[in-house]
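Quick notes on the structure that follows.
Residue numbers (my numbering): 542 to 729.
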């Protein structure tokens, strides 16, 4: 209770606020750098670090505001800001945990990527139907398998080139795909 209602205990207002502002600026630039590198590389570790830095930015901003209001002798500010920061950090931690668990479970990479893969495979000349498409994400990599139907009269050499064309088309459309298997069956 004393922390919630006590008056400010420091007389170094400018130095304290300048330190909080500097920390806020540094966190912002580190967040931007980590976010950019995470997008470029597809690294979940960098994305998690960027999310953590985003939390640091919000925390630093709240500390700055809390310090300023505390120096203005507004009651209950320090305790309220501390509780908000704790809730914010808990939320960020749970979001990071959720993403890590999904990465370990090999979840689907999402509808958008599935549509891109489907369309890239369907564009290849000679494909009559797509029987199934299976994609899974493991970390920053996507693995896939597709089964396509072709006319019965296609020779074996054309079948092999169809497989290569499909794989190339899919990997060009979705660069995150690390491994992609193509199965060819007769069209019915």
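Each residue gets a CB set at the ideal place from its N, CA and C atoms; glycine is no exception. Quick caveat: nothing in here was measured; it's all calculated off a predicted structure.
Where residue 711 falls, given that 16 or more other Cβ within 10 Å makes a residue buried
Taking the chain shown and counting its residues from 1, one reaches residue 711 at position 170. It counts as buried.
Closer than 7 Å by C-beta to residue 605: which residues in its own chain qualify, once you throw out the five before and the five after it? Chain order, please.
Counting from 1 along the chain shown, the entry for residue 605 is found at position 64. Excluding residues within five positions, the ones whose Cβ falls inside 7 Å are 558, 561, 562, 565.
Let me know the alpha helix (DSSP H) ranges lying completely inside the stretch 553 to 626, each 4 residues or longer, listed in chain order.
554 to 582, 585 to 612
Could you check the C-alpha separation between residue 674 and residue 588 for me, to the nearest Å?
Position 133 of the chain shown, counted from the first residue, corresponds to residue 674. Position 47 of the chain shown, counted from the first residue, corresponds to residue 588. C-alpha separation (whole angstroms): 28 Å.
Alpha-carbon to alpha-carbon, residue 691 and residue 576:
In the chain shown, counting from the first residue as 1, residue 576 sits at position 35. In the chain shown, counting from the first residue as 1, residue 691 sits at position 150. Going from the Cα of residue 576 to the Cα of residue 691 covers about 43 Å.
Should residue 685 and residue 643 be called a contact, given that it needs their Cβ atoms to be closer than 7 Å?
Stepping through the chain shown from its first residue, residue 685 is reached at position 144. Stepping through the chain shown from its first residue, residue 643 is reached at position 102. No, the pair does not count as a contact, with Cβ atoms beyond the cut-off.
Whole beta strand (DSSP E) elements within the stretch 640 to 696, 3-residue minimum:
670 to 679, 682 to 691
On a CA-only basis, which of 671, 572, 602, 619 is nearest residue 656? Give me that one, please.
Taking the chain shown and counting its residues from 1, one reaches residue 656 at position 115. Comparing Cα-Cα distances from residue 656 to each of 671, 572, 602, 619, the minimum goes to 671.
Taking 8 Å as the cut-off, does the stretch 621 to 632 touch the stretch 647 to 654 (at least 3 CB pairs, one atom from each stretch)?
no
Pick out whichever of 678, 664, 598 has its Cα sitting closest to the Cα of residue 497.
Absent from the model: residue 497. The displayed extent of the chain is 542 to 729, so no value can be given.
Do residue 689 and residue 725 count as a contact pair if the criterion is CB distance below 7 Å?
Indexing the chain shown from 1 puts residue 725 at position 184. Indexing the chain shown from 1 puts residue 689 at position 148. Their beta carbons are under 7 Å apart, which means residue 725 touches residue 689 by this criterion.
Flag this pair as yes or no: are the beta carbons of residue 665 and residue 718 separated by less than 7 Å?
Numbered from 1 along the chain shown, position 124 holds the residue referred to as residue 665. Numbered from 1 along the chain shown, position 177 holds the residue referred to as residue 718. Not in contact: residue 665 and residue 718 (Cβ atoms no closer than 7 Å).
Do the CB positions of residue 626 and residue 586 come within less than 7 Å of each other?
Along the chain shown, read from residue 1 onward, the residue named residue 626 stands at position 85. Along the chain shown, read from residue 1 onward, the residue named residue 586 stands at position 45. No; because the gap between Cβ atoms is not below 7 Å, this pair is not in contact.
On the DSSP bridge list, what partners appear for residue 720?
Walking along the chain shown from the start, residue 720 turns up at place 179. BP columns for residue 720 point to 684.
Where residue 725 falls: helix, strand or coil (DSSP):
For the purposes of this step, residue 725 is taken as the residue at position 184 of the chain shown. Strand.
Distance check for residue 658 and residue 620, CA to CA, integer angstroms please.
Indexing the chain shown from 1 puts residue 620 at position 79. Indexing the chain shown from 1 puts residue 658 at position 117. Straight-line Cα distance between these residues: approximately 52 Å.
Sequence-distant residues of the same chain with beta carbon closer than 8 Å to residue 729, five excluded per side:
Here the question's residue 729 lines up with position 188 in the chain shown. Only 690 meet the Cβ criterion.
Cβ neighbour criterion (16 or more within 10 Å) applied to residue 676:
Counted from its first residue, the chain shown places residue 676 at position 135. Classification of residue 676: buried, given that the 10 Å Cβ count is 16 or more.
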